[in-house]
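**Q** Dropping the structure in here first, questions after.
Numbering (our numbering), first residue to last: 72 to 400.
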């Protein structure tokens with residue numbers, strides 16, 4: 072508890088210091104036609120997420136150095152992208168490299184010889200893992216424009232992973248590192264979970280957090296040989312996949328910037344409060360996580376998720392209508 076309290080104080084000071092730097096160098100997020108916010112807001116408030124992880128690893132578990140390196144790499148290029156807007160090829164290249172470093176850490180932790188990773192089945196699983204993690208990164212990055220959603224959704228994910236480690240006895244990482252990351256998240260949430268957010272996480276925060284949580288989920292899947300844990304981010308995943316599907320139907324370029332996610336529709340068209348949307352997504356994911364933790368009946372889990380898909384799809388169709396979802400204007 073003392074470590075957690077000290078971490079809150081340290082990260083609060085770091086965050087305030089960063090805000091002064093961001094103000095001085097004009098590191099801001101200006102609203103545009105694709106934004107879900109209407110006021111100029113500081114960008115990069117999530118810079119303390121990778122700092123928390125890296126400090127934690129250096130102090131408590133240096134054997135996780137690949138994880139620290141992967142997060143440092145992706146956080147650095149993301150922070151530069153927040154400031155300068157980097158070349159897409161460079162950014163994507165670093166993302167891929169960071170994800171591969173992350174997977175190397177997961178395999179090393181489980182004492183899997185790298186020679187076993189070069190058969191056809193392993194190559195397929197690695198490729199699928201890279202695609203899924205890149206998808207998680209992009210989903211996280213898009214959602215940062217809704218006040219509070221990165222904080223609340225990540226808090227649910229991290230607390231779920233910490234609970235699984237403590238009470239299901241599945242080792243993920245040194246517990247103190249969890250506390251440092253959660254402390255940094257709470258500090259960011261203090262400034263972000265507001266009607267008028269003081270700061271957004273920025274690419275540096277949202278992408279780093281996505282990679283950190285991907286590490287925990289990947290470790291869970293490998294240790295337990297159970298793919299149900301990917302649903303710890305099931306709500307984000309459902310929204311992202313459904314939105315991509317709709318954009319393909321509309322014959323849009325899925326790599327172009329857009330404002331087609333359901334949460335964006337609720338915020339921009341229906342004028343829902345950002346806080347309400349964030350709480351809705353976080354509570355829905357929390358309920359799903361509780362089911363994943365306590366239920367081992369895979370048929371029941373599948374039925375619950377199918378019910379969630381049906382509820383989500385029917386709600387979007389009712390609120391947005393077929394024309395908006397499937398017709399390109």
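All residues carry an ideal CB built from backbone N, CA and C; glycine is no exception.
(1) According to the Cβ coordinates, are residue 121 and residue 142 closer than 9 angstroms?
(2) Using alpha carbons as the reference points, say which of 330, 126, 334 lies closest to residue 309.
(3) Taking 9 angstroms as the cut-off, decide whether the C-beta atoms of residue 117 and residue 273 are in contact.
(4) Could you tell me the alpha carbon to alpha carbon distance between residue 265 and residue 222, rounded to whole angstroms?
(5) By DSSP, does residue 355 sit in helix, in strand, or in coil?
(6) So, do the region 278 to 291 and the region 171 to 184 have three or more beta carbon pairs nearer to each other than 8 angstroms?
(7) Which whole-angstrom value describes the C-beta separation of residue 205 and residue 166, a residue pair presumed to lie in contact below a C-beta threshold of 8 angstroms?
(8) Since residue 251 is in the alpha helix (DSSP H), which residue starts that stretch and which ends it?
(9) On a CA-only basis, which of 130, 189, 357 is nearest residue 234? Give me that one, please.
(10) Check for me: the alpha helix (DSSP H) holding residue 176 runs from which residue to which?
(11) Consult DSSP for residue 88 and reduce its assignment to one of helix, strand or coil.
(12) Given a cut-off of 9 angstroms, decide if residue 114 and residue 271 are closer than it, judged by their beta-carbon atoms.
(13) With DSSP collapsed to three states, give me the class of residue 122.
(14) Given a cut-off of 9 angstroms on the beta-carbon distance, is the pair residue 366 and residue 372 in contact?
(15) Going by beta carbon distance, what residues of the same chain come within less than 8 angstroms of residue 400, once the five residues before and after it are set aside?
(16) Are the beta-carbon atoms belonging to residue 210 and residue 311 less than 9 angstroms from one another?
(17) Taking the alpha-carbon positions, what's the residue 104 to residue 328 distance?
(18) In terms of DSSP beta bridges, what is residue 112 paired with?
**A** Working from what's here:
(1) Taking the first residue of the chain shown as 1, we reach residue 121 at position 50. Taking the first residue of the chain shown as 1, we reach residue 142 at position 71. Here residue 121 is near residue 142, since their CB atoms are less than 9 angstroms apart.
(2) Counted from its first residue, the chain shown places residue 309 at position 238. Across the set 330, 126, 334, the C-alpha of 334 shows the shortest separation from the C-alpha of residue 309.
(3) Translated into the one-based positions of the chain shown, residue 117 becomes position 46. Translated into the one-based positions of the chain shown, residue 273 becomes position 202. By the CB criterion at 9 angstroms, residue 117 and residue 273 fall inside the cutoff.
(4) Position 194 of the chain shown holds residue 265. Position 151 of the chain shown holds residue 222. In this structure, the CA atom of residue 265 is about 11 angstroms from the CA atom of residue 222.
(5) For the purposes of this step, residue 355 is taken as residue 284 along the chain shown, with counting starting at 1. When DSSP states are grouped into helix, strand and coil, residue 355 belongs to the helix group.
(6) In this structure the region 278 to 291 touches the region 171 to 184; the number of beta carbon pairs closer than 8 angstroms is three or more.
(7) For this step, residue 205 is matched to residue 134 along the chain shown. For this step, residue 166 is matched to residue 95 along the chain shown. Right, the Cβ-Cβ distance comes to about 6 angstroms (below 8 angstroms), so this counts as a contact.
(8) Taking the chain shown and counting its residues from 1, the one referred to as residue 251 is at position 180. 246 to 263 is the extent of the alpha helix (DSSP H) around residue 251.
(9) In the chain shown, counting from the first residue as 1, residue 234 sits at position 163. Nearest option by C-alpha distance: 357.
(10) Against the chain shown, residue 176 aligns to sequence position 105. Start and end: 159 to 180.
(11) If you number the chain shown from 1, residue 88 lands on position 17. The answer is helix: DSSP assigns residue 88 an H, G or I state.
(12) If you number the chain shown from 1, residue 271 lands on position 200. If you number the chain shown from 1, residue 114 lands on position 43. In contact: residue 271 and residue 114 (Cβ atoms closer than 9 angstroms).
(13) Looking up residue 122 in the chain shown gives position 51. The three-state secondary structure of residue 122, taken from DSSP, is helix.
(14) Counting from one through the chain shown, the residue named residue 366 turns up at place 295. Counting from one through the chain shown, the residue named residue 372 turns up at place 301. Between residue 366 and residue 372, the CB-CB gap stays under 9 angstroms.
(15) The count along the chain shown starts at 1 and reaches residue 400 at position 329. In this predicted model, residue 400 has a pLDDT of only 46, less than 50, meaning its place in the structure is not dependable enough to derive any value.
(16) Residue mapping note: residue 210 aligns to position 139 of the chain shown, counting from 1. Residue mapping note: residue 311 aligns to position 240 of the chain shown, counting from 1. A contact, by the Cβ cut-off of 9 angstroms.
(17) Residue 104 sits at position 33 when you count from the first residue of the chain shown. Residue 328 sits at position 257 when you count from the first residue of the chain shown. Per-residue confidence for residue 104 stands at a pLDDT of 48, beneath the threshold of 50, marking its modelled position as unreliable; no derived number is given.
(18) As a first step, residue 112 must be located in the chain shown, where it is residue number 41. Per the DSSP secondary-structure output, residue 112 pairs in a beta bridge with 100.
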